[in-house]
Amino acid sequence: MTPLFPSQPVASIYFFTMQLGSYPLYIMGKNDKIIHLTFNRQHHEQLCSRYPHSPTPATTQVDSLAQIVQHAINAETNTTFPADSPFIAAGSKFQQQVWQQISLIPRRLTLTYGQLANRIGNPKAYRAVGQACNRNPLGILIPCHRVVAKNGLGGFAGGGEVKRWLLTGENKNKKFILRTLE
DNA sequence: GTGTGGCAGTTAG
DNA sequence: CTAACTGCCACAC
Numbered sequence: 005m006t007p008l009f010p011s012q013p014v015a016s017i018y019f020f021t022m023q024l025g026s027y028p029l030y031i032m033g034k035n036d037k038i039i040h041l042t043f044n045r046q047h048h049e050q051l052c053s054r055y056p057h058s059p060t061p062a063t064t065q066v067d068s069l070a071q072i073v074q075h076a077i078n079a080e081t082n083t084t085f086p087a088d089s090p091f092i093a094a095g096s097k098f099q100q101q102v103w104q105q106i107s108l109i110p111r112r113l114t115l116t117y118g119q120l121a122n123r124i125g126n127p128k129a130y131r132a133v134g135q136a137c138n139r140n141p142l143g144i145l146i147p148c149h150r151v152v153a154k155n156g157l158g159g160f161a162g163g164g165e166v167k168r169w170l171l172t173g174e175n176k177n178k179k180f181i182l183r184t185l186e
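FYI, our numbering numbers position 150 of the first sequence as 154, with every residue one higher than the one before it.
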């Protein structure tokens, strides 16, 4: 499996899962910050096994992070680029440029991989853009589901079904509700 | 609609 | 260092 994640361990971290629509959303927190967010179960399990973490996060911490996601998922635009995650810092220059550009895409707008490659001044790197999207450590907060193929949906680490559901929901101006698991 | 060749960045070996 | 991947694209049928 590809080393998608930084090799250095991160202290004081915890994991929890929430539910968005019918899809599980895996969140990795450190203190009061979200450092990783994905729909991809495999990525989540890799992280769980790689890093020592608290088995039972404090409720206040979980609630606080959940609120951040709940707000971000319905926001018209992303206010700030969440650069404080160590997973962002561990990305290459190219990946950081891609993630930065994605975070500028507002609700109900999509860019193609090619258009995004143009925006970072590397028009032929559309394929590498796809790879960088795949390794986005902060799904939703960095809305990589808004990057699509020129003729079609394109891929999604959490599965095409989730990507399509997110995009149609946004187009209908749906308010997404994040729920806790029982 | 399908096939094919090339693309750039990243990682594995 | 090569080789082998991709969340792609253009262009040809």
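By construction, the Cβ of each residue, glycine as well, lies at the ideal position given by its N, Cα and C atoms.
Rounded to a whole number of angstroms, what is the C-alpha to C-alpha distance between residue i and residue j?
{"i": "Y27", "j": "V166", "result": "7 Å"}
{"i": "Q105", "j": "G162", "result": "20 Å"}
{"i": "S68", "j": "P59", "result": "18 Å"}
{"i": "A76", "j": "I38", "result": "12 Å"}
{"i": "L157", "j": "I92", "result": "25 Å"}
{"i": "P127", "j": "E186", "result": "46 Å"}
{"i": "G164", "j": "L171", "result": "11 Å"}
{"i": "A79", "j": "D88", "result": "20 Å"}
Let me know the secondary structure DSSP gives residue i once reduced to three states.
{"i": "K37", "result": "strand"}
{"i": "P13", "result": "The predicted model places P13 with a pLDDT of 45, which falls under 50 and marks its position as unreliable; any figure quoted below should be read in that light. If DSSP states are grouped into helix, strand and coil, P13 belongs with coil."}
{"i": "I31", "result": "strand"}
{"i": "T84", "result": "coil"}
{"i": "L51", "result": "helix"}
{"i": "L115", "result": "strand"}
How would you label residue i, buried or exposed, when you count the other beta carbons within 10 angstroms and need 16 or more for buried?
{"i": "I31", "result": "buried"}
{"i": "N35", "result": "exposed"}
{"i": "C148", "result": "buried"}
{"i": "I17", "result": "buried"}
{"i": "G33", "result": "buried"}
{"i": "A70", "result": "buried"}
For residue i, which beta-bridge partners are listed by DSSP?
{"i": "R183", "result": "Q23"}
{"i": "S58", "result": "Y18"}
{"i": "L142", "result": "L41"}
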